[in-house]
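Scroll down for the structure; my scribbles are underneath it.
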Amino acid sequence: MSADWYILIEEDIRDTKHLQAIEFRLHHWKLAAAHRVKGDEARLAAVAEDAALHYLPTTLTRYAKPGDRPARHAFLAQDGSWVVLVGLRGHQCHIRVSTARLMHVHEEKETPPKTLKETLRGAWEGPPPPEQPWSPPAEDEDRSESRTGEHRRGAVLAERAGFEPAWTL
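When we follow my numbering, the leftmost residue of the sequence shown carries the number 710, and every step to the right adds one.
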């Protein structure tokens with residue numbers, strides 16, 4: 710586990726899509742920046758406030774000229790995050806500045822490329838079965854209720870044979 714604290718800045722990004730002569734303006738949040746901050750909680754809160762009061766979203770940078778100061782309405786939420794409405798030259802967007810603790814880091818792992826033999830075997834046998842989507846592990850009482858009769862019989866037979874699975878449904 711890590712004890713690194715970060716300031717996360719999310720921007721409201723607008724995508725414009727055209728479908729059958731209709732214009733759709735789709736909004737979604739995008740993580741624009743993640744800055745590591747060292748220090749105590751007071752320093753973390755001060756850096757978050759500074760980011761909320763001075764960060765210029767990328768959607769407004771194309772309209773900004775040197776010396777421009779955009780209009781800004783900064784709101785502090787109960788959880789300590791900031792929601793900021795920023796306006797410049799008739800354009801408006803909003804950002805969210807929050808603090809977060811980095812808990813887990815997993816590096817990317819790529820599988821090696823297939824050999825010619827594996828490629829031909831895959832073409833002959835067909836694609837492998839898809840991976841099961843993630844689902845939360847069931848509670849012990851949920852497991853016994855959610856098992857069907859077939860699964861229960863299989864579990865009983867496995868227990869009689871002395872097989873103890875590491876992960877049961």
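All C-beta atoms, glycine included, are put in the ideal place defined by N, C-alpha and C. Predicted model only: the values in this text are computed from it and were never measured.
Check, Outcome
"What is the DSSP secondary structure of aspartate 749, counted as helix, strand or coil?", "coil"
"Determine the DSSP secondary structure at leucine 728, reduced to helix, strand or coil.", "strand"
"Is it right to say alanine 786 is buried, meaning 16 or more other beta carbons lie within 10 angstroms of its own, or is it exposed?", "exposed"
"Assign proline 822 to one of two classes, buried (16 or more other C-beta atoms within 10 Å of its C-beta) or exposed (fewer than that).", "exposed"
"Under a Cβ-count criterion, where at least 16 other Cβ atoms within 10 Å of its own Cβ denotes burial, should glutamate 719 be classed as buried or exposed?", "buried"
"Going by beta-carbon coordinates alone, are leucine 769 and alanine 742 separated by less than 9 Å?", "no"
"Return yes when the Cβ of aspartate 724 is within less than 9 Å of the Cβ of histidine 803, no when it is not.", "no"
"I need the straight-line Cα distance from threonine 828 to proline 839, nearest angstrom please.", "17 Å"
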